[in-house]
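Take a look at the structure below.
What follows is the structure, encoded as structure tokens:
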């Protein structure tokens, strides 16, 4: 099984860092897609089969919380696992994201942290 | 409070530089402010229990290494990539700094980071709304890097939690 991933972050550098970490992680990567905000992320989800969404919170046009809210309203998208990678430090906001089923990775991150979080949320136990 | 604030500024900035860009830094509390005319700066504004602006200033010669390390490439990076890297750096420093100052339950709204493309001094004066005196940040960290220097300046509107 290979994992098709969508990375949503307004920073091109951060998208590149996340992609590099995914490639280093040993996870079976399939297609990778990128979007610069939540709106572009939803458009990509409408066009491509995606197994995992990795998203930032603070983005222009449509932020990560709004994108996740829209995904949860869509029968086709609501079951896609979501990992939020953000600088957000507020427990209040993190609890809101967890209630929506998203896992969270704090910036700065390590490739191991991303790998373990993805394995956990996607139920990928052993190699 | 000012000493505690600066200690947190140093701690967070050193940690983020190391983890995000693999750049080691050393505190230089005693040195003068760096030469801002030979540097690139980015800022991020925030509002919450208190508001303010956080600014990073980094020597021109240190910026290519910062961007190259973050992107994991040896090739020369573009100016756009370098600016994007600096904006992400200040964004991550800000996100890690605010909970340490205000507590993890505090909610802040953080604006998109911006490159300061006119003078840093002028920018700081505009934040404080005055131009007839030396503008002082609430906290400042001065760091030495392998190639160049880095300053972090925190301007605050309103009272910090411990001041209340």
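Protein chains in written order, with our numbering: chain R, 939 to 1065; chain W, 16 to 179.
From the three backbone atoms N, C-alpha and C, an ideal C-beta is built for every residue, glycine too.
Would you call residue i buried or exposed, if buried means 16 or more other Cβ atoms sit within 10 Å of its Cβ?
i	result
residue 994(R)	buried
residue 124(W)	exposed
residue 92(W)	buried
residue 1016(R)	exposed
residue 19(W)	exposed
residue 28(W)	buried
residue 1045(R)	buried
residue 1012(R)	exposed
residue 984(R)	exposed
Starting from the Cα of residue i, find the closest Cα among the options and give me that residue.
i	options	result
residue 1007(R)	1025(R), 989(R), 1037(R), 988(R)	1037(R)
residue 971(R)	964(R), 963(R), 947(R)	947(R)
residue 998(R)	960(R), 949(R), 1060(R), 1011(R)	949(R)
residue 12(W)	107(W), 141(W), 172(W)	Any question about residue 12(W) goes unanswered here, given that chain W covers just 16 to 179.
residue 37(W)	23(W), 76(W), 81(W)	81(W)
residue 1000(R)	951(R), 974(R), 1061(R)	974(R)
residue 1026(R)	1011(R), 1019(R), 1002(R)	1002(R)
residue 108(W)	39(W), 52(W), 167(W), 96(W)	167(W)
residue 1018(R)	988(R), 969(R), 945(R), 966(R)	988(R)
From what residue to what residue does the alpha helix (DSSP H) around residue i run?
i	result
residue 964(R)	Here residue 964(R) belongs to no alpha helix (DSSP H), and DSSP marks it neither H nor E.
residue 976(R)	976-985
residue 98(W)	94-117
residue 1059(R)	1049-1060
residue 942(R)	Premise fails: residue 942(R) lies in the beta strand (DSSP E), 941-946, not in any alpha helix (DSSP H).
residue 1031(R)	1029-1037
residue 82(W)	78-86
residue 20(W)	17-36
Please work out which residues of its chain come closer than 7 Å, Cβ to Cβ, to residue i, disregarding the five sequence neighbours upstream and downstream, and give them in chain order.
i	result
residue 148(W)	Confidence at residue 148(W) is low in this model, with a pLDDT of 49, below 50, so its placement is unreliable and the value that follows should be read with caution. Within the same chain, residue 148(W) has no close Cβ partners at all.
Cutting at 6 Å between CB atoms, please list the residues of its own chain near residue i, excluding the five before and the five after it.
i	result
residue 156(W)	24, 25, 28, 167
residue 1065(R)	Low confidence applies here, because residue 1065(R) scores a pLDDT of 47, under 50, leaving its location unreliable and the question unanswered by this model.
residue 115(W)	23
Just the chain A side, please: which residues come within less than 8 Å of residue i by C-beta, in chain order?
i	result
residue 1025(R)	As a matter of chain content, chain A is missing from the structure shown, whose protein chains are R and W.
Between which two residues does the beta strand (DSSP E) containing residue i stretch?
i	result
residue 155(W)	154-160
Are there three or more Cβ pairs, one per stretch, closer than 8 Å when the region 34-51 of chain W is compared with the region 61-71 of chain W?
-> no
Taking contact to mean at least 3 C-beta pairs separated by less than 8 Å, is the region 978-985 of chain R in contact with the region 948-965 of chain R?
-> no
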